[in-house]
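A quick write-up on the structure given underneath.
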Amino acid sequence: MTATVPKLSGLVPDDLTVRSTRIILEGLEVQADIGFHDFEIGAPQRLLVSVEVWLNDLAPPVEDHPAEAWNYDFLRTEVAELAAARRYNLQETLAHAIFERVAAFHGVRALRVRLSKPDVYPDAEAVGVEVASFAGLWPDS
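Position one of the sequence shown corresponds to residue -17 (this note's numbering), numbered consecutively onward.
Shown next as structure tokens:
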């Protein structure tokens, strides 16, 4: 039996209306042939990738149906395919490749891509790079 969720139209204050919809892929672990040091070349290493996608569409789904969702599988698959597609000297190069691929997808308003190598330094969690379509912590409204 499916429960019906009551509509709360008119009960939510205007200052609590949805102003941003964001899709998050956090800490996807991929293997990538990345790095310019001799010991890195040809030796794939663990890379953690996070992508945040702010969407143009702020309206809630009309129906609770997969056809109304942003394609999370697309995001994961594109990142994994780009990481495996070739050898990269720089994290920055891969970050920009991911950024360009995701930014071209319909409905993207703002975007942040973060890559990190968690196994480089024994005294640090990770070393990485972040690229974004905006300056600061969040895109302007």
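Positions of the beta carbon are idealized from the N, C-alpha and C atoms, including for glycine. Please read all numbers here as calculations on a predicted model, not as lab measurements.
Going by C-alpha distance, which of Leu64, Glu8, Leu97 is nearest Glu74?
Leu97
Could you check whether the region 39 to 53 touches the region 71 to 86, counting it as contact only if at least three pairs of C-beta atoms, one from each stretch, sit closer than 8 Å?
no
8 Å CB neighbourhood of Leu57 in its chain, flanking five on each side removed:
Ile5, Leu7, Val33, Val35, Val84
Three-state secondary structure (DSSP) at Ile80?
helix
Helix, strand or coil: how does DSSP classify Val95 here?
strand
By Cβ distance, which residues of its chain are closer than 8 Å to Arg62, with the 5 residues on each side in sequence left out?
For the record, residue 62 in the displayed sequence is Ala; it is not Arg. Answer for Ala62: Leu10, Val12, listed in chain order.
So, at 7 Å on beta carbons, what are the nonlocal neighbours of Ala108 in its own chain, with the 5 sequence-adjacent residues on each side left out?
Leu30, Ser98, Lys99, Pro100
Spatial neighbours of Tyr103 in its chain, beta-carbon cut-off 7 Å, leaving aside the 5 residues before and after
Val109
Within a Cβ cutoff of 8 Å, which residues of the same chain sit near Gly89, ignoring the five residues on either side of it in sequence?
Leu37, Asn38, Asp39, Trp52
Taking the C-alpha atoms as reference points, what is the distance between Ser115 and Ala106?
27 Å
CB Ala86 to CB Pro121, shorter than 8 Å?
no
How long is the line joining the alpha carbons of Thr(-1) and Glu45, rounded to whole angstroms?
19 Å
Ends of the alpha helix (DSSP H) at Ala14?
First-last for Ala14: 3 to 14, but that is the beta strand (DSSP E), not the alpha helix (DSSP H).
Straight-line Cα distance separating Phe21 from Pro(-5):
58 Å
Is it buried or exposed for Ala54, if we count other Cβ within 10 angstroms and need 16 for buried?
It is worth fixing the name first, because residue 54 is Tyr in this sequence and not Ala. Exposed is the call here.
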